[in-house]
């Protein structure tokens, strides 16, 4: 039985342990935009080279990015999203939309993303089963880890 002495077991915490480190999501942003080489990633994210190297290694090891050689001499690599990495793009689009609404309401948007329909993307989370937009008041959590309730460890 899992322990209730530590923090709540949670896929959000597990995901943040991988992509929540400083610069990780910015690296993914750049890769999704097409900047895939180390020097481009360093310039566009502002990450120190040693930190960027560590983040790239971790994202490759986790199967979020793949490293592909583009030059033999000198040996050079670029980074491409894996299918698992591509699933994070909608997360980044949702974060960008939130930031545009709440952190830059009067400054204008620093980037627009156009959807294939020709319109500027406004991401919305929908239920895959019924197709309706997800709203907080429509959600009910069901903890699956023994000893945990919605509000924390079960009383003993």
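Numbering (the numbering used here), first residue to last: 2 to 157. For glycine and all other residues, C-beta sits at the position ideal for the given N, C-alpha and C. No experiment lies behind these values; they were computed from the predicted model shown.
- Message: Taking 9 Å as the threshold (C-beta atoms), are residue 53 and residue 29 in contact?
- Response: no
- Task: Tell me residue 111's beta-bridge partners as DSSP assigns them.
- Result: In DSSP, residue 111 forms no bridge with anything.
- Item | Inter-residue Cα distance where the pair is residue 153 and residue 8 | 9 Å
- For residue 19 versus residue 63, is the C-beta distance shorter than 9 Å? yes
- Message: Taking 8 Å as the cut-off, does the stretch 67-87 touch the stretch 118-138 (at least 3 CB pairs, one atom from each stretch)?
- Response: no
- So what does DSSP say about residue 121, is it helix, strand or coil? strand
- With a CB to CB cut of under 7 Å and the five nearest residues on each side skipped, what residues in its chain are close to residue 98? 123, 124
- Strand pairing of residue 68, partner residues [DSSP]: 80
- Message: Can you give me the C-alpha to C-alpha distance between residue 112 and residue 100, rounded to a whole angstrom?
- Response: 11 Å
- Runs of beta strand (DSSP E) lying entirely within the stretch 123-157, each at least 3 residues, in chain order: none
- Query: Can you tell which of 22, 104, 82 has the C-alpha that lies nearest to the C-alpha of residue 35?
  - Reply: 82
- Query: If you draw a straight line from the alpha carbon of residue 74 to that of residue 41, how long is it in whole angstroms?
  - Reply: 19 Å
- Query: Whose CA, out of 26, 104, 46, 141, lies closest to the CA of residue 90?
  - Reply: 26
- Message: Between the alpha carbons of residue 46 and residue 156, how many angstroms are there, rounded?
- Response: 46 Å
- Do you know offhand how far residue 148's Cα is from residue 11's? 14 Å
- Message: Here's the rule I'm using: 16 or more other beta-carbon atoms within 10 Å means buried, otherwise exposed. How should residue 140 be labelled?
- Response: exposed
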